[in-house]
Amino acid sequence: RGLDLFRERAPSLVILDLMLPHINGLDLCRIIRGESEVPIIILTAKDSEAHKVAGLEMGADDYVTKPFSMRELVTRVRAHLRRASMSVRPTEASHLVFGPIQMDTQRHEVYVRGRLIELPPKEFALLEAFMLRPGKLVTRQILLSEVWGVEYVGDTRTLDVHVKRLRAKIEEDPRRPEHVRTVRGLGYKLQF
């Protein structure tokens with residue numbers, strides 16, 4: 062049933078126990094890995110080195126043993142989701158274009174409607190995070206993790222301040238943004 066749900070719903074991440082009633086967890090890990098690059102975290106009571114090695118060799122990305130801290134598990138999930146979202150980055154593409162915005166990531170240059178604009182590193186990284194996912198919701202957590210790092214524990218209002226500064230530079234009317242849109246309670250998305 063779990064494998065059917067995996068195939069039907071295409072989750073962003075799999076947390077897998079090794080002790081399952083009808084199939085060996087390692088076999089299920091191997092099957093999932095054969096079909097997808099989705100991050101897999103094994104969460105199990107089997108804590109021997111041999112089990113850990115077997116799980117990682119079958120394709121798991123991480124191995125957490127019981128008992129575990131919920132905080133640690135959530136942090137590991139966020140780290141794997143961040144890495145997975147970063148893998149959507151084109152490996153050789155240095156030019157990103159969306160609507161009136163052109164970005165050269167290697168030269169650290171951004172043009173809006175043909176005009177070069179100066180962006181400090183955080184605003185540049187923020188715009189790049191949006192341009193890698195045009196038209197898609199980018200949650201506040203993903204933005205904080207990618208731009209400020211997964212260990213960032215400061216005020217989340219920092220993100221809002223940087224978005225406001227970015228809008229002032231790329232929007233024709235920053236008070237009525239057309240490109241960097243707020244998705245209330247969730248995050249932002251870049252649209253044209």
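Start counting the sequence shown at 62; every next residue gets the next number (my numbering).
Every residue, glycine too, gets a C-beta built ideally from N, C-alpha and C.
These numbers were taken from a predicted model, which means no experiment stands behind them.
A direct Cα-to-Cα measurement between D123 and E69 gives close to 23 Å. Between L77 and L64, the gap from beta carbon to beta carbon reaches 8 Å or more.
In this structure, R218 is the residue among L157, R218, R194, D165 with its C-alpha nearest to the C-alpha of L205. H223 counts as buried, since no fewer than 16 other beta carbons sit within 10 angstroms of its beta carbon. No Cβ-Cβ contact shorter than 8 Å links L74 with I103. Inter-residue distance for V173 and R139 is about 32 Å (C-alpha atoms, whole angstroms).
Nearest to R143 by C-alpha distance, out of F159, F129, I203, is I203. Minimum Cα-Cα distance from D216 among the listed residues R228, K230, R201 corresponds to R201.
Contact between K250 and L180 is absent: CB atoms are separated by about 19 Å, not below the 8 Å threshold.
Secondary structure remark: continuous alpha helix (DSSP H) runs of at least 4 residues inside the stretch 73-112, in chain order: 86-96. In this structure, the beta-carbon distance from V199 to G248 falls below 8 Å.
For L87, same chain residues with a beta-carbon under 8 Å away, outside a window of 5 residues either side, are L79, A115, G116, M119 in chain order. Here the alpha carbons of I178 and R226 stand approximately 12 Å from one another. Considered as a whole, the stretch 114-142 harbours no complete run of any alpha helix (DSSP H) with no fewer than 4 residues.
The beta carbons of H83 and G160 sit about 50 Å from each other, so the pair does not count as a contact at 8 Å. Ranked by how close their Cα comes to the Cα of V214, the residues S146, T243, T136, R228 have T136 in first place. Beta-bridge annotation (DSSP): V158 is paired with Q163. For secondary structure counted as the alpha helix (DSSP H) over 4 or more consecutive residues, the stretch 181-241 holds these complete runs in sequence order: 182-192, 201-204, 218-231. Cβ-Cβ separation between L220 and M192: approximately 17 Å, too far for a contact (criterion under 8 Å).
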